[in-house]
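Have a look at the structure below before the remarks.
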Amino acid sequence: MNTIQTRRTRHRVVVDDTPLARAIGQRIRQARLAAGLTQQQLAGERFTKAYISALENALAKPSMAALNYLAPRLGTNASAILADPGAAWGRIEVDLNLAAGQWAEAVDGYVGLLEVAQERGARAELQLGLAEALCRLDRPAEAIRPATEASAAFADLGREAERAWADYWLSSAHYQQDNPDEARSLLRAIHDRIRAGLAVQADFATRVLIALAMNETGRGEIAAAIADLEEARSLAADLDIQRRGTMLASLARAYQGAGDLEGAFRAGTQAHALLRQAESELEIGRVENELAMTYLAAGNATKAGELAAKARSTAEARGDVRLASHVIDTQAVIALSTGDADMALRLADEAQAMAQRAGHAAVILDASVTRARALAALGRHDEAAAAFAGAARAAEHAPPSRRRAILTSWAESLAALGRHDEAFALARQALATH
10 MNTIQTRRTR HRVVVDDTPL ARAIGQRIRQ ARLAAGLTQQ QLAGERFTKA
60 YISALENALA KPSMAALNYL APRLGTNASA ILADPGAAWG RIEVDLNLAA
110 GQWAEAVDGY VGLLEVAQER GARAELQLGL AEALCRLDRP AEAIRPATEA
160 SAAFADLGRE AERAWADYWL SSAHYQQDNP DEARSLLRAI HDRIRAGLAV
210 QADFATRVLI ALAMNETGRG EIAAAIADLE EARSLAADLD IQRRGTMLAS
260 LARAYQGAGD LEGAFRAGTQ AHALLRQAES ELEIGRVENE LAMTYLAAGN
310 ATKAGELAAK ARSTAEARGD VRLASHVIDT QAVIALSTGD ADMALRLADE
360 AQAMAQRAGH AAVILDASVT RARALAALGR HDEAAAAFAG AARAAEHAPP
410 SRRRAILTSW AESLAALGRH DEAFALARQA LATH
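Next comes the structure, spelled out in structure tokens:
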């Protein structure tokens, strides 16, 4: 019996991947030129100049093995060479929003990118940006998950410097959530890794030290805080002008928190000079506002008022509503300290309205407390009580320290009216707030 064999013909689907090959070739060429390499130098010992030329002109398609060999020589990785340029630009836009302080837009952008990102390292990078933006928006509870997941991913991938950044923002989220022990543990672990040789930029090392100092100050460990601050100061020589100015601005705030007003004046004045030199106007405004609060704490309301007025002018000139709302509340506190309760009330209302437009939760709460204090100073006690009660309700999900501060201010207002039983009850409530 004859056996008839039937040959089945496979129909090949032909896909025109010329545009992709052309895009990859262009990226290889651009990266080679940026690295200052000739085609022969890029080829190395494994390939030929002719092969590199064919790749760059889309006459050949690289294998993954070839890309994994060429990419490190170009200072990049195979994923970056293969990446969709549209998606890459979307990521750049979101990162620019973060850098420009447009944090709400950055949150939306990172959330959108995370919906389509698959590669674990890329997802971790997006989660890191999302955690930072959420922390800066006073939304620490939401920041904990992306920061935690980014830290774990970077650890598994051996990307220790980026893991340190994820742990830093995780620490910030815990600190804002009134979990100082967890925040301090994370910061100390980062600091230990840096001392053990982890390669990070000087500005990151100073951030860690300043955050540690703020944590130590909150625990009453002033000597440890000062030691951290002085170590941070010693790193300033490794920073450029703007970074040194920003670091010294943070240092001034930390000194103020530690009760060292002379140190705060000195560091704040140096920061102001450096940031003026770098023409970083918004950072200058932030420094001026912090210096205003320091001078007010030292009893110099006149100097505080001058600095706050400069900070407000800077914020308004640059259209930074968040900073402006913060500064206007500072002006309200200064007015209250000088006995001008009418002005304090007007400024507090303005700050609160502006903070609501900007979604600045911390200033909304601060301004509501300032407003309540102003109403009490004006003798409008029923309105003041309602304002304090509203602030206490708004702080229901705020960290315990903020709730304690509001209840304490309310208790002081009642005590000044001779309503000691109510004041005592509020003071007990404040002490019981954890």
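The number in the numbering used here is simply the position in the sequence shown, starting from 1, with 9 added.
All residues carry an ideal CB built from backbone N, CA and C; glycine is no exception.
Does residue i pass the burial test, meaning 16 or more other C-beta atoms within 10 Å, or should it be called exposed?
{"i": "Ala425", "result": "exposed"}
{"i": "Ser181", "result": "buried"}
{"i": "Pro81", "result": "exposed"}
{"i": "Trp98", "result": "Legend: pLDDT at Trp98 = 48, less than 50; position of this residue unreliable, no value from coordinates given."}
{"i": "Gly138", "result": "buried"}
{"i": "Asn66", "result": "exposed"}
{"i": "Val125", "result": "exposed"}
{"i": "Ala404", "result": "buried"}
{"i": "Gln136", "result": "buried"}
{"i": "Ala441", "result": "exposed"}
{"i": "Leu423", "result": "buried"}
{"i": "Leu68", "result": "exposed"}
{"i": "Glu271", "result": "exposed"}
{"i": "Asp329", "result": "buried"}
{"i": "Gln279", "result": "buried"}
{"i": "Arg331", "result": "buried"}
{"i": "Arg228", "result": "exposed"}
{"i": "Gln361", "result": "buried"}
{"i": "Gly427", "result": "exposed"}
{"i": "Ala261", "result": "buried"}
Using only the alpha-carbon positions, how far apart do residue i and residue j sit?
{"i": "Leu146", "j": "Ala59", "result": "53 Å"}
{"i": "Ala439", "j": "Ala432", "result": "10 Å"}
{"i": "Ala170", "j": "Val209", "result": "6 Å"}
{"i": "Asn384", "j": "Trp419", "result": "The sequence shown places Leu at residue 384, not Asn. Each residue's alpha carbon lies about 11 Å from the other."}
{"i": "Arg172", "j": "Ala156", "result": "9 Å"}
{"i": "Ala233", "j": "Gln186", "result": "22 Å"}
{"i": "Ala161", "j": "Arg154", "result": "11 Å"}
{"i": "Ser243", "j": "Ala236", "result": "11 Å"}
{"i": "Asp430", "j": "Ile373", "result": "29 Å"}
{"i": "Glu151", "j": "Ile61", "result": "47 Å"}
{"i": "Arg437", "j": "Ala393", "result": "20 Å"}
{"i": "Ala344", "j": "Ala353", "result": "5 Å"}
{"i": "Tyr78", "j": "Thr85", "result": "11 Å"}
{"i": "Ala341", "j": "Arg382", "result": "10 Å"}
{"i": "Ile337", "j": "Thr303", "result": "16 Å"}
{"i": "Val103", "j": "Thr57", "result": "39 Å"}
{"i": "Asn516", "j": "Leu195", "result": "As shown, the chain starts at 10 and ends at 443. That puts residue 516 outside it, with no answer to give."}
{"i": "Ala32", "j": "Gln49", "result": "21 Å"}
{"i": "Val116", "j": "Gly53", "result": "43 Å"}
{"i": "Ser410", "j": "Gly399", "result": "17 Å"}
{"i": "Gly368", "j": "Ala326", "result": "20 Å"}
{"i": "Gln111", "j": "Ala434", "result": "42 Å"}
{"i": "Gln35", "j": "Arg55", "result": "21 Å"}
Along the chain, where does the alpha helix (DSSP H) that runs through residue i open and close?
{"i": "Lys70", "result": "Unbroken run through Lys70: none, as it is neither H nor E."}
{"i": "Glu114", "result": "112 to 123"}
{"i": "Phe56", "result": "Where Phe56 is concerned, there is no enclosing alpha helix (DSSP H), given that its DSSP letter is neither H nor E."}
{"i": "Pro409", "result": "409 to 425"}
{"i": "Val209", "result": "Unbroken run through Val209: none, as it is neither H nor E."}
{"i": "Leu166", "result": "149 to 166"}
{"i": "Ala386", "result": "370 to 386"}
{"i": "Leu83", "result": "Run containing Leu83: none; DSSP gives neither H nor E here."}
{"i": "Asp391", "result": "390 to 403"}
{"i": "Asp329", "result": "Run containing Asp329: none; DSSP gives neither H nor E here."}
{"i": "Arg355", "result": "350 to 367"}
{"i": "Leu46", "result": "Looking at the DSSP string, Leu46 is not in any alpha helix (DSSP H), and its letter there is neither H nor E."}
{"i": "Gly138", "result": "129 to 145"}
{"i": "Gln185", "result": "169 to 185"}
Is the Cβ-Cβ distance between residue i and residue j less than 8 Å?
{"i": "Met256", "j": "Thr323", "result": "no"}
{"i": "Ile415", "j": "Ala396", "result": "no"}
{"i": "Ala317", "j": "Thr339", "result": "yes"}
{"i": "Ser76", "j": "Ala63", "result": "According to the sequence as given, residue 76 is Leu; it is not Ser. Cβ distance not < 8 Å, so Leu76 and Ala63 don't count as in contact."}
{"i": "Asp349", "j": "Leu387", "result": "no"}
{"i": "Leu179", "j": "Ala140", "result": "yes"}
{"i": "Ala263", "j": "Ala222", "result": "yes"}
{"i": "Ser334", "j": "Leu305", "result": "no"}
{"i": "Ile199", "j": "Asp176", "result": "yes"}
{"i": "Leu123", "j": "Arg132", "result": "yes"}
{"i": "Leu283", "j": "Ile250", "result": "yes"}
{"i": "Gly277", "j": "Glu299", "result": "yes"}
{"i": "Leu218", "j": "Ala241", "result": "yes"}
{"i": "Ala370", "j": "Ala357", "result": "no"}
{"i": "Arg295", "j": "Ala258", "result": "yes"}
{"i": "Arg41", "j": "Leu83", "result": "yes"}
{"i": "Asn106", "j": "Gly121", "result": "no"}
{"i": "Lys312", "j": "Glu297", "result": "no"}
State yes or no: is the beta carbon of residue i nearer than 8 Å to at least one beta carbon in chain C?
{"i": "Thr57", "result": "No chain C appears in this structure, which consists of one protein chain only."}
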